[in-house]
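Notes to accompany the following structure.
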Amino acid sequence: MNGMDEQAKSKQEFNITVYTEDHVGLLNQIAIIFTRRKINIESLNTSPSEVGGIHRVCILISETEDMVTKLVRQLEKLIGVIKAYAHSNEDVIWQELALYKMSTCIIKELLNVERLLRTYGARVILIRENYTVFEASGHRAETDNLLNILQEHGLIEFVRSARVAIIKNSDGFNARLNEFERLTTIVGEAAGNVNE
Amino acid sequence: METAQQEVLTAIQKSETKQVSGSVAILEALVAEGVDVMFGVPGGATIAIYDALYDYKEKLEHILVRHEQGAIHAAQGYARTSGKVGVALATSGPGATNMITGIADAMIDSTPVVCITGQVYAHLLGSDAFQETDIINISAPITKWNYQITNAEDIPAVLAKAFHIARSGRPGAVLIDITKNAQLQMFDYKGYVKCDHIRSYRPKPMIRDSYIQQAADLINLAKKPLVVWGQGVILGGAENEFKSFIEKAGIPSAWTILGLGAIPTDHQLNVGMLGMHGNYAPNVLTNECDVLIAVGMRFDDRVTGRLDKYAKQAKVVHLDIDPAEIDKNVKSTVPVWGDCKETLPMLTALIEQKDHTDWLEKFRTLYRDEFTIVIDPEVNPVSGEITMGEVIRHLNTVTNGDAVIVTDVGQNQMVASRYVKFNKTRSNVTSGGLGTMGFALPAAIGAKYGAPERPVITIAGDGGFQMTLQELGTIMQNKVDVKIIVLNNRYLGMIRQWQEMFNDSRYSFSDLESPDFVTLAASYRIAGKCVSDRDDLPAALDEMMNSKGPYLLEVMVTKENNVFPMVPQGYSLSEILLK
Numbered sequence: 416m417n418g419m420d421e422q423a424k425s426k427q428e429f430n431i432t433v434y435t436e437d438h439v440g441l442l443n444q445i446a447i448i449f450t451r452r453k454i455n456i457e458s459l460n461t462s463p464s465e466v467g468g469i470h471r472v473c474i475l476i477s478e479t480e481d482m483v484t485k486l487v488r489q490l491e492k493l494i495g496v497i498k499a500y501a502h503s504n505e506d507v508i509w510q511e512l513a514l515y516k517m518s519t520c521i522i523k524e525l526l527n528v529e530r531l532l533r534t535y536g537a538r539v540i541l542i543r544e545n546y547t548v549f550e551a552s553g554h555r556a557e558t559d560n561l562l563n564i565l566q567e568h569g570l571i572e573f574v575r576s577a578r579v580a581i582i583k584n585s586d587g588f589n590a591r592l593n594e595f596e597r598l599t600t601i602v603g604e605a606a607g608n609v610n611e
Numbered sequence: 089m090e091t092a093q094q095e096v097l098t099a100i101q102k103s104e105t106k107q108v109s110g111s112v113a114i115l116e117a118l119v120a121e122g123v124d125v126m127f128g129v130p131g132g133a134t135i136a137i138y139d140a141l142y143d144y145k146e147k148l149e150h151i152l153v154r155h156e157q158g159a160i161h162a163a164q165g166y167a168r169t170s171g172k173v174g175v176a177l178a179t180s181g182p183g184a185t186n187m188i189t190g191i192a193d194a195m196i197d198s199t200p201v202v203c204i205t206g207q208v209y210a211h212l213l214g215s216d217a218f219q220e221t222d223i224i225n226i227s228a229p230i231t232k233w234n235y236q237i238t239n240a241e242d243i244p245a246v247l248a249k250a251f252h253i254a255r256s257g258r259p260g261a262v263l264i265d266i267t268k269n270a271q272l273q274m275f276d277y278k279g280y281v282k283c284d285h286i287r288s289y290r291p292k293p294m295i296r297d298s299y300i301q302q303a304a305d306l307i308n309l310a311k312k313p314l315v316v317w318g319q320g321v322i323l324g325g326a327e328n329e330f331k332s333f334i335e336k337a338g339i340p341s342a343w344t345i346l347g348l349g350a351i352p353t354d355h356q357l358n359v360g361m362l363g364m365h366g367n368y369a370p371n372v373l374t375n376e377c378d379v380l381i382a383v384g385m386r387f388d389d390r391v392t393g394r395l396d397k398y399a400k401q402a403k404v405v406h407l408d409i410d411p412a413e414i415d416k417n418v419k420s421t422v423p424v425w426g427d428c429k430e431t432l433p434m435l436t437a438l439i440e441q442k443d444h445t446d447w448l449e450k451f452r453t454l455y456r457d458e459f460t461i462v463i464d465p466e467v468n469p470v471s472g473e474i475t476m477g478e479v480i481r482h483l484n485t486v487t488n489g490d491a492v493i494v495t496d497v498g499q500n501q502m503v504a505s506r507y508v509k510f511n512k513t514r515s516n517v518t519s520g521g522l523g524t525m526g527f528a529l530p531a532a533i534g535a536k537y538g539a540p541e542r543p544v545i546t547i548a549g550d551g552g553f554q555m556t557l558q559e560l561g562t563i564m565q566n567k568v569d570v571k572i573i574v575l576n577n578r579y580l581g582m583i584r585q586w587q588e589m590f591n592d593s594r595y596s597f598s599d600l601e602s603p604d605f606v607t608l609a610a611s612y613r614i615a616g617k618c619v620s621d622r623d624d625l626p627a628a629l630d631e632m633m634n635s636k637g638p639y640l641l642e643v644m645v646t647k648e649n650n651v652f653p654m655v656p657q658g659y660s661l662s663e664i665l666l667k
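Protein sequence lines correspond, in order, to chains A and B.
If you want our numbering, it's the position in the first sequence, counting the first as 1, plus 415.
If you want our numbering, it's the position in the second sequence, counting the first as 1, plus 88.
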């Protein structure tokens, strides 16, 4: 077994990007591809994409490259899915957004609050008499660090969003979509390549 | 039927707008799609469609089945023999859930079917209304596409999409759920326009010339090539293209259970069946060939046996229309994406004319071993009880290989697949991927409607037959001319075989007491006979074939007979057992 095979058979984080039509039930169809194989979806986000009327689903899973290649092909079989890609963390820029609710009174007494916010790139987005909400975005480790610190000071509520990822080596989907339109009209699309 | 289709299309061309109900729009869609028969059972949530159907009797034939599972299996049988889309109709709730087995079966066997289910009024959705079930989510993993219609105006476009998706690319099951209000709603009907393009659906991958060339190079250099083909050849209507390819290349060719019949059984390059109960030579030699050319097949575990010991020495060329099948189970050396009706002729043009005589002779030699140890005793016994194999041998004599054979699941299916002679494509109807016992009888009904000019014979065991035997009522009422052979070994035979071989003959709940099948058939006014004596068998088969209308022949066969060869589950093909 050579090195490439080893890599293909070990699990790592993959960011799956799925460009879809805006159809009721499609998200369930996408989820079924993973749940049927007992693969845990670590995070999932749906949003508009750069193309009007086309949605973009970002899915985070830990799997082997072999399995991810198969999953992408299964995703592309779904009617309503236009194209799916899988990328390792190195190939994307990714962020998660976290919200933290703290007691305003504790905040006032917390002398190092300013340094805290600067260090973790957090922003205050709401101040009320009895509570304050911070927002921070970044990688998991960054929002986790702030979480750990605030937890020591009586964190009231915490929530973190799904991961969103932008593909480094991509010119966007507009050109691709036009190409697919042309191919499906004439001969059907060149399917199969995961990272093309 | 063509005139009816023409009428609708003419009306469309004239762009007439008229007020029609959703139900009428459904039937107009079916007529426009060239549906000549559908199978169903009316219910509370489809009563509006059935009311409209009352006025469409001349244009659309509807066969009332006895259970919705029968409707979907009949639609499958119809699709398999006719090559057209099968249509099944069921009500909401239990009507819809009763179809689930058949939908899963159609999906895994790539059978084009459109299932229409009624649904409760849209305003009741999610309220746990009477006979409400979430059939869209239930059927999501087992359909190629599904959709719920709550507004009649969507009916024409959605049904057009449904038929396009079901029949194109790798065919499959589509379910359209239509709420009762949409069936009743009157709307401005602008006619029916067939669908041939969906932005987010690519039925065929683009063919890459470089892969065709690479595949041809591998084939031209091969000393011991083996072709393994599946249903893709039949679904693509590529039987002639396939035959030209293997004949020019001179390559021994073996089939999966669903590929059976794509070329005549007697073809000199046909080396038999692959897999668990397949022939000895193609299984053993899969692990000796140097180039394995897979055509329209998906390397099912029953075909490959233990995957990490499957054809490891071979370069693999995989032709498939579904990109997700390439490299799914077996890593390909050259992936040939595309419809094999297009890719095979491209390959044929590039390959050299050859005959691998010595290599083919190896298959013949191993066949002789299998014949002596397995086949001869199974099909030509001289003493003891009747065997399943000898029933098939006599059946071949009376059909001459020209009948449609619909098999159930288990030993009856394996023996029939191994020994039935086929001259024509679209003659073998069986539940391959899902292995649905009870498939054969209702599927045979549909198979007859799909191929009305051909004799249709169903072969079932005593176990599977009892899972859907109520469809005898459908056969009776519609005088469907199907011949039914029940091979009765008084066991769930395949289970008993596994229990004998792998569980120390502990026959846990596999012995089966059955009714008198001939009397049962008689109560449905279906003629029949039971045979247990070898000498009576040929005459009984003659009588069955010559009888007008349906006929049930029960044959009492050896109770404890095993199907061989066998690759036990989890074993490599090289470890195939002859006894």
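Note that CB positions come from ideal geometry on N, CA and C, so glycine has one too.
The structure displayed is predicted, hence computed values, not measured ones.
Where residue i sits in the DSSP three-state scheme
i, result
"HIS355 (chain B)", "coil"
"VAL321 (chain B)", "helix"
"ASN634 (chain B)", "helix"
"HIS211 (chain B)", "helix"
"VAL61 (chain B)", "As shown, chain B starts at 89 and ends at 667. That puts residue 61 (chain B) outside it, with no answer to give."
"HIS444 (chain B)", "coil"
"THR267 (chain B)", "strand"
"LYS336 (chain B)", "helix"
"CYS81 (chain B)", "This structure gives no information on residue 81 (chain B), because the portion of chain B shown stretches from 89 to 667."
"PRO423 (chain B)", "strand"
"PRO293 (chain B)", "coil"
7 Å Cβ shell around residue i - same chain, five flanking residues per side excluded
i, result
"THR524 (chain B)", "THR189, ASP193 and VAL497"
C-beta contact flag for residue i and residue j at 8 Å
i, j, result
"GLY349 (chain B)", "THR562 (chain B)", "no"
"GLN157 (chain B)", "ALA531 (chain B)", "no"
"ALA176 (chain B)", "GLY128 (chain B)", "yes"
"ALA140 (chain B)", "ILE151 (chain B)", "no"
"GLN510 (chain A)", "GLY553 (chain A)", "yes"
"ASP506 (chain A)", "ILE582 (chain A)", "yes"
"SER503 (chain A)", "GLY569 (chain A)", "no"
"ASP621 (chain B)", "ASN577 (chain B)", "no"
Residue of the options minimising C-alpha distance to residue i
i, options, result
"GLU116 (chain B)", "B:LEU247, B:THR445 and B:GLN319", "B:LEU247"
"GLN107 (chain B)", "B:GLU588, B:ILE237, B:ASP276 and B:ALA615", "B:ASP276"
"LYS419 (chain B)", "B:THR445, B:ILE409 and B:LEU380", "B:LEU380"
"ASP446 (chain B)", "B:GLN207, B:VAL570, B:LYS336 and B:LYS312", "B:LYS312"
"THR558 (chain A)", "A:ILE542, A:GLU594, A:GLY536 and A:ARG543", "A:GLY536"
"VAL570 (chain B)", "B:ALA548, B:ARG622 and B:LEU640", "B:LEU640"
"ASP197 (chain B)", "B:VAL153, B:ASP222, B:THR344 and B:SER215", "B:THR344"
"ALA120 (chain B)", "B:VAL173, B:VAL281 and B:TYR138", "B:VAL281"
"LEU592 (chain A)", "A:LYS424, A:VAL433, A:LYS523 and A:ILE474", "A:VAL433"
"ALA513 (chain A)", "A:PRO463, A:GLU491, A:GLU572 and A:LEU441", "A:GLU572"
"SER425 (chain A)", "A:VAL466, A:MET482 and A:PHE449", "A:MET482"
"GLU642 (chain B)", "B:GLY360, B:PHE553 and B:SER519", "B:PHE553"
"VAL262 (chain B)", "A:ARG530, A:ILE521, A:ILE564 and A:LEU493", "A:LEU493"
"GLY86 (chain B)", "B:GLY426, B:ASN576, B:LYS147 and B:GLY360", "Given a span of 89 to 667 for chain B in the structure shown, any question on residue 86 (chain B) remains unanswerable."
"ASN460 (chain A)", "A:ARG575, A:SER518, A:SER585 and A:SER477", "A:ARG575"
"GLU594 (chain A)", "B:GLN302, B:ILE137, B:ALA627 and B:MET294", "B:MET294"
"MET644 (chain B)", "B:SER662, B:HIS252, B:ASP604 and B:TYR659", "B:ASP604"
"HIS252 (chain B)", "B:SER332, B:HIS285 and B:ALA270", "B:HIS285"
"MET589 (chain B)", "B:ASN649, B:GLY637, B:SER620 and B:ARG542", "B:ASN649"
"TYR515 (chain A)", "A:VAL466, A:ILE540 and A:ILE476", "A:ILE540"
Close-in-space but distant-in-sequence residues of the same chain around residue i (CB under 6 Å, 5 per side omitted)
i, result
"MET633 (chain B)", "VAL486"
"LEU438 (chain B)", "ALA304"
"THR134 (chain B)", "THR179 and GLY206"
"ALA577 (chain A)", "SER458, LEU459 and ASN460"
"TYR166 (chain B)", "GLY174, GLY534, TYR537 and GLY538"
Please go through the region 160-237 of chain B and give each complete alpha helix (DSSP H) segment of 4 or more residues, from N-terminal end onward.
Considered as a whole, the region 160-237 of chain B harbours 182-186, 188-196 and 223-227 as its complete alpha helix (DSSP H) runs of no fewer than 4 residues, in chain order.
Can you give, in chain order, each stretch of the alpha helix (DSSP H) that sits fully within the region 574-661 of chain B and has at least 4 residues?
Those alpha helix (DSSP H) runs which fall completely within the region 574-661 of chain B and span 4+ residues are 581-590, 605-611 and 625-634.
Could you pull out every unbroken beta strand (DSSP E) segment of at least 3 residues lying fully inside the region 515-552 of chain A, listed in chain order?
Fully enclosed beta strand (DSSP E) runs of no fewer than 3 residues occupy 538-542 of the region 515-552 of chain A, in order along the chain.
Of all the alpha helix (DSSP H) runs that stay within the bounds of the region 486-572 of chain B, which reach a length of 4 or more residues?
Runs of the alpha helix (DSSP H) spanning 4 or more residues and lying entirely within the region 486-572 of chain B occur at 499-507, 528-538, 550-553 and 560-566, in chain order.
Runs of beta strand (DSSP E) wholly within the region 339-397 of chain B (minimum 3 residues, chain order)
Counting only runs of 3 or more, we get 341-343, 358-361 and 379-383.
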